[in-house]
Amino acid sequence: MERKRINDEGLGRLVEAFYARVRADEELAPIFNDAITDWPEHLRKLTDFWSSVMLTSGRYKGQPVPAHMRHRSRITPELFERWLGLWTETTDAMMEPAAASALQDKARRIAQSLQLAMFFRIDAERSTSTSGDIDEVAVQ
Numbered sequence: 088m089e090r091k092r093i094n095d096e097g098l099g100r101l102v103e104a105f106y107a108r109v110r111a112d113e114e115l116a117p118i119f120n121d122a123i124t125d126w127p128e129h130l131r132k133l134t135d136f137w138s139s140v141m142l143t144s145g146r147y148k149g150q151p152v153p154a155h156m157r158h159r160s161r162i163t164p165e166l167f168e169r170w171l172g173l174w175t176e177t178t179d180a181m182m183e184p185a186a187a188s189a190l191q192d193k194a195r196r197i198a199q200s201l202q203l204a205m206f207f208r209i210d211a212e213r214s215t216s217t218s219g220d221i222d223e224v225a226v227q
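Residue numbers (the numbering used here): 88 to 227.
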């Protein structure tokens, strides 16, 4: 397989190959297959997302955080790591090394942001210091 640079064609092929792996993964497939009813439309949207992120095309018009929050009860930090592992394997196989590295770095940052939005909370039973600063913060 010829490795690709980051362009719309390469991103489209990457998204299709990656999500074929996700849909076959024993832990990720049930969540994704339950959540997504129109895979061709979802793949188009994700190709637009990656085009917007990596090529600044502006094609993606969506809100990833609310989309993921709907499935918060089923998504764990460990599943983010599994997703990132598949992403790394797929980008390494399909993209030129510099492109794969850039896509992996961006995916890691996006995953961190999504996890902060989904799991970070200030503990309701937190203690405060005498200055009123929060001493304890919890991540669930």
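C-beta: ideal position from N, C-alpha, C; glycine also.
Residue i classed as buried or exposed, judged by whether at least 16 other C-beta atoms fall within 10 angstroms
{"i": "PHE207", "result": "exposed"}
{"i": "VAL102", "result": "buried"}
{"i": "ALA185", "result": "exposed"}
{"i": "LEU142", "result": "exposed"}
{"i": "ASP135", "result": "buried"}
{"i": "GLY97", "result": "buried"}
{"i": "ALA154", "result": "exposed"}
{"i": "ALA187", "result": "buried"}
{"i": "TRP170", "result": "buried"}
{"i": "THR124", "result": "exposed"}
Alpha carbon of residue i to alpha carbon of residue j, nearest angstrom
{"i": "LEU115", "j": "SER138", "result": "23 Å"}
{"i": "THR163", "j": "ALA204", "result": "12 Å"}
{"i": "ARG92", "j": "MET181", "result": "9 Å"}
{"i": "ALA104", "j": "GLY145", "result": "23 Å"}
{"i": "GLN150", "j": "ASP95", "result": "21 Å"}
{"i": "LYS132", "j": "LEU166", "result": "21 Å"}
{"i": "ASP121", "j": "ARG110", "result": "10 Å"}
{"i": "LEU130", "j": "LEU201", "result": "19 Å"}
{"i": "GLU183", "j": "GLU176", "result": "13 Å"}
{"i": "ALA107", "j": "LYS148", "result": "23 Å"}
{"i": "ALA189", "j": "ASP112", "result": "24 Å"}
{"i": "GLY172", "j": "ASP179", "result": "11 Å"}
{"i": "VAL140", "j": "ILE197", "result": "10 Å"}
DSSP state of residue i mapped onto helix, strand, coil
{"i": "LYS148", "result": "coil"}
Residue from the options with nearest C-alpha to residue i
{"i": "GLY99", "options": "ASP112, PRO127 and PRO184", "result": "PRO127"}
{"i": "GLN199", "options": "ILE123, GLU168, ALA185 and MET141", "result": "GLU168"}
Minimum Cβ-Cβ distance from residue i to chain D less than 8 Å
{"i": "SER138", "result": "Protein chains in the displayed structure number just one, and chain D is not present."}
- Report yes or no: do the segment 116-126 and the segment 182-197 share at least 3 C-beta pairs separated by less than 8 Å? Flag = no, the segment 116-126 and the segment 182-197 do not touch.
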